[in-house]
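Asker: The following block contains the structure, expressed as structure tokens.
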Amino acid sequence: MMKWDNLIYRLFVFWYCCGLILVGFDLLPPILEWANAFFLILCGILGGFYFIRTFEFSKGLAITAFIFILSMVAEGLGVHYGWIFGQYDYSGDFGYKLVDVPIGIGFAWVMVIAVTHVLSMELVSKLKPSILKWIAYSLLGAMIAVLIDLIIDPVAYLVKGYWGWEGDSFYYSVPLQNFSGWFWVSLFFHSLLYPIYMTNNVKRKDAFLLWRDRMAALFGMVMGMFIFLALLDGLWLAFFLTGIPAYLLLLAYRSSTKQRELASTEEVLG
């Protein structure tokens, strides 16, 4: 599977670079309307690879499926009843739908939970395993997920018209219930993921470390794309509100992992 891992990751990077130009400058031809859905599906597949490389195949696949199914249910409740996220509906730009929710959205949620898990777990890595660490990890993961949505929603809603909201707020007319929904759904997933992760025994550490770093890179790429789109369309509040924290998160991640790598090397050298 490792070869497939690398192949799909390279495909994503290529697709990402193409999409950055085509979507950013409105050059996407009608024949490639399916590209948006494919991008989200690739994001979810990469998140799934991370879970598989962390928890082994069966458990990783089960975690991926659980996030996909529960997030689709949550999204469906929003589309049909206005629960959790508020009342909204999706356009036809994301391909095949289940209960009026594009399956690409379920894949996107897998990516969101994977990248926020990696970042938040690294940020609390110096804490000893405890209830405090569990709470801190879960809250951080949920807050980083909201940060992701703070840039995705204004761009996807106002600029690209990927979905439409029924409601209003001071933040680009996106109902604040949406952000609270993102927080609680993400908190739910992270609260369940923590004990599974802490009791997990990684068998292939090299593959795990590779995909851990790839999730941080995926966070940077996804945030970078939407921050770039926000910049092009003059969404200055979203640009600064998310761009600076995203940059600081990546710096903190890199600093933490580098310190642990140095400590591990010094320990080996004696």
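Just so you know, we're using this note's numbering here: the sequence shown kicks off at 22 and counts up by one. Using N, Cα and C, we set each Cβ at its ideal position, and we do this for glycine too.
Please check the pair F229 and R74, which I expect to be a contact at CB under 8 Å, by giving their CB distance rounded to whole angstroms.
Answerer: Walking along the sequence shown from the start, residue 229 turns up at place 208. Walking along the sequence shown from the start, residue 74 turns up at place 53. Indeed they touch by this definition, with Cβ atoms about 5 Å apart.
Asker: Quick one: residues in its chain with C-beta nearer than 7 Å to the C-beta of S159, no 5 flanking neighbours on either side, listed in chain order?
Answerer: The residue you call residue 159 lines up with position 138 of the sequence shown. These residues qualify, in order along the chain: L208, H211, S212, Y215.
Asker: Cβ of G40 within 8 Å of Cβ of F249?
Answerer: Here residue 40 refers to the residue found at position 19 of the sequence shown. Here residue 249 refers to the residue found at position 228 of the sequence shown. Not in contact: G40 and F249 (Cβ atoms no closer than 8 Å).
Asker: Tell me which residue opens and which closes the alpha helix (DSSP H) that Y102 is part of.
Answerer: By one-based count along the sequence shown, residue 102 stands at place 81. Its alpha helix (DSSP H) spans residues 78 to 102.
Asker: Let me check understanding here. Comparing Cα to Cα, which of V122, Y218, Q108, L153 lies closest to A135?
Answerer: The count along the sequence shown starts at 1 and reaches residue 135 at position 114. Closest option to A135, Cα to Cα, is Y218.
Asker: On the CB-based measure, 16 or more other CB atoms within 10 Å of its CB, does D189 come out buried or exposed?
Answerer: The residue given as residue 189 occupies position 168 in the sequence shown. Its Cβ having fewer than 16 others within 10 Å, D189 is exposed.
Asker: Comparing C-alpha positions only, which one of E143, L53, C64, P50 sits nearest to E282?
Answerer: On the sequence shown, residue 282 is found 261 positions in, with the first residue counted as 1. It is E143 whose Cα lies nearest to the Cα of E282.
Asker: Starting from D121 and walking both ways along the beta strand (DSSP E), at which residues does that stretch end?
Answerer: As a first step, residue 121 must be located in the sequence shown, where it is residue number 100. Here D121 belongs to no beta strand (DSSP E), and DSSP marks it neither H nor E.
Asker: Return the first residue and the last residue of the beta strand (DSSP E) that W184 is part of.
Answerer: Start at 1 with the first residue of the sequence shown, and residue 184 comes out as number 163. Residues 184 to 187.
Asker: I'd like the list of long-range same chain contacts for G241, defined as Cβ closer than 8 Å, with 5 residues on each side in sequence excluded.
Answerer: Locating residue 241 in the sequence shown gives position 220, where the first residue counts as 1. Closer than 8 Å at the Cβ level, and outside the excluded window around G241, lie A267, L271.
Asker: Span of the beta strand (DSSP E) holding D110?
Answerer: Taking the sequence shown and counting its residues from 1, one reaches residue 110 at position 89. Residues 108 to 111.
Asker: Are the CB atoms of I126 and L231 nearer to each other than 8 Å?
Answerer: Position 105 of the sequence shown, counted from the first residue, corresponds to residue 126. Position 210 of the sequence shown, counted from the first residue, corresponds to residue 231. It is not a contact, given that the beta carbons lie outside the stated cut-off.
Asker: Since I believe W186 is in contact with S194 (beta carbons under 8 Å), could you give me their beta-carbon distance rounded to a whole number of angstroms?
Answerer: Working through the sequence shown from its first residue, we reach residue 194 at position 173. Working through the sequence shown from its first residue, we reach residue 186 at position 165. That belief holds up - the Cβ atoms of S194 and W186 are roughly 7 Å apart, short of 8 Å.
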